[in-house]
Amino acid sequence: METNFKKMYEQLGFLFYAISAADKIVKPAEIEKLRELVNQYWVPMEGTVDEFATNAAEHILIVFDYLVQQKESAREAFRSFAKYYEENPDVFSCPIKHRISDTAGSIAHAFGNINKAEKGYLTQLHALLTDDELVNQVHG
33 METNFKKMYE
43 QLGFLFYAIS
53 AADKIVKPAE
63 IEKLRELVNQ
73 YWVPMEGTVD
83 EFATNAAEHI
93 LIVFDYLVQQ
103 KESAREAFRS
113 FAKYYEENPD
123 VFSCPIKHRI
133 SDTAGSIAHA
143 FGNINKAEKG
153 YLTQLHALLT
163 DDELVNQVHG
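Here it is as structure tokens:
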């Protein structure tokens, strides 16, 4: 990627935390799955590093870990991501939206079945990510 998407990655930390904390418990399996996915899929697509040699995509994990420590509300974390998404639609290409959706789904499945709270956030995320695509198809 040619642009620094650090803020987007930070907001993805909020989103993935919201999915993990939906049932008010962030399970070790969810944390492990997120770490695996960030290292396998997100870090390789981002070449930007900061002055500490931290890949910009690693900010997903930095923010996620901070929110776990702070015991942030899943609802507030999701709202933060949704607000950023709505204010910065150009940052979210179709491939990034698919990667976000896949990552969120994998986190929710990390502990087995998806619970009702996780399903609610995944449904909201799907609506958020597909809403502008539907508008573009109708008006494009």
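Under my numbering, the first residue of the sequence shown carries the number 33, and numbering increases by one thereafter.
Just so you know, even glycine gets a beta-carbon here, dropped at the ideal spot from N, CA and C.
These numbers were taken from a predicted model, which means no experiment stands behind them.
| Asked | Found |
| --- | --- |
| Length of the line joining the Cα atoms of TYR49 and LEU93 | 9 angstroms |
| DSSP-derived helix/strand/coil call for ASN71 | helix |
| 4 or more residues per run - each alpha helix (DSSP H) lying fully within the stretch 95–129 | 106–119 |
| CB contact flag (ASN147, ASP55, <7 angstroms) | yes |
| C-alpha distance - TYR41 paired with ALA149, whole-angstrom precision | 23 angstroms |
| HIS91 burial status per 10 Å Cβ neighbour count (16 or more: buried) | buried |
| Validate contact between the stretch 103–111 and the stretch 59–74 using beta carbons, cut 8 angstroms, 3 pairs | no |
| CA-to-CA distance, LYS39 to ALA88, given in whole angstroms | 9 angstroms |
| Endpoints, the alpha helix (DSSP H) within which ILE146 is located | Where ILE146 is concerned, there is no enclosing alpha helix (DSSP H), given that its DSSP letter is neither H nor E. |
| Boundaries (first-last residue) of the alpha helix (DSSP H) holding GLU42 | 38–52 |
| Selected residue, minimal CA-CA separation from TYR73, among LEU160, ILE128, HIS158, TYR153 | ILE128 |
| Under 7 angstroms between C-beta atoms of ILE51 and TYR116 | no |
| Distance CB(PHE46)-CB(SER133) smaller than 7 angstroms | no |
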